[in-house]
Amino acid sequence: MTLPTFSLIRIFNNKHMKKSKPNRIIGAFLILMAIAYLYNNWTSAKQGFLEGLFGQ
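In the working numbering, the protein residues as written are 15 to 70.
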């Protein structure tokens with residue numbers, strides 16, 4: 015999960031965020047926060063995702 019995600023982040027940053035560095039830093043920070051959240055809650059990640067889609 016981790017390696018493909020980071021390669022995708024690198025490709026995305028190179029293509030879309032090359033000119034604006036603050037947005038690049040903010041985007042990377044948000045993605046890292048999402049990865050850390052999913053990693054910490056991996057056991058209930060799928061259930062939480064489904065609940066987020068179909069409402070609580």
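Don't be surprised by glycine CBs; every beta carbon is placed ideally from N, CA and C.
In terms of residue numbering, what span does the alpha helix (DSSP H) encompassing residue i cover?
{"i": "G41", "result": "K35 to N54"}
Should residue i go down as buried or exposed, given a rule of 16 or more other Cβ atoms within 10 Å for buried?
{"i": "Y53", "result": "exposed"}
What would DSSP say about residue i, mapped onto helix, strand or coil?
{"i": "M15", "result": "Annotation note: pLDDT 46 at M15 (below 50); position unreliable, no value reported."}
{"i": "G79", "result": "Here the chain has residues from 15 to 70 only, and residue 79 is not among them."}
Which same chain residues end up closer than 6 Å to residue i when comparing Cβ atoms and leaving out the 5 residues on each side of it in sequence?
{"i": "A42", "result": "none"}
Given the structure, does residue i come close to the ligand ZN, in the sense that its CB is under 7 Å from one of the ligand's heavy atoms?
{"i": "M47", "result": "Although the ligand ZN was asked about, the structure shown includes no ligands whatsoever."}
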